[in-house]
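All remarks here apply to the structure that follows.
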Amino acid sequence: MYSQTTRRLILAEGETSGHKHVLTANVNIEYEKKPPSTCILLTGTGILMHDEHDRMIFNAGKYRCYNQVEFNPMDGSVNRIFD
2 MYSQTTRRLI
12 LAEGETSGHK
22 HVLTANVNIE
32 YEKKPPSTCI
42 LLTGTGILMH
52 DEHDRMIFNA
62 GKYRCYNQVE
72 FNPMDGSVNR
82 IFD
């Protein structure tokens, strides 16, 4: 089901700041990028890190990651949030 593996997965990268949301694990992270999301299988504990936020701990499991978007009610557009 998941086509790629790594121990360090960049989930999002700031367009201007260069900051990254990085998921790391001591075991392989299985994943597949299927826009608009990334499907992730953790078989062990994962740690999500960012330069400006506290780290988050994730237990083994299946996850799906989406990029944040904003809705403009004036023109009905949906735009991706850039860091």
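Under my numbering, the letters of the sequence shown match residues 2 to 84, in that order. Virtual Cβ for every residue (Gly too), placed ideally from N, Cα, C.
Check: In the DSSP assignment, what are the bridge partners of MET75?; Outcome: Paired residues: none, contrary to the question.
Check: Which residue or residues does DSSP assign as beta-bridge partners of ARG56?; Outcome: Answer by DSSP bridge pairing: none, since ARG56 is not bridged.
Check: Report yes if the CB atom of GLU33 is closer than 9 Å to the CB atom of HIS22, and no otherwise.; Outcome: no
Check: Which word fits ILE41, buried or exposed, when buried means at least 16 other C-beta atoms lie within 10 angstroms of its C-beta?; Outcome: buried
Check: Classify HIS20 as helix, strand or coil using the three-state DSSP reduction.; Outcome: coil
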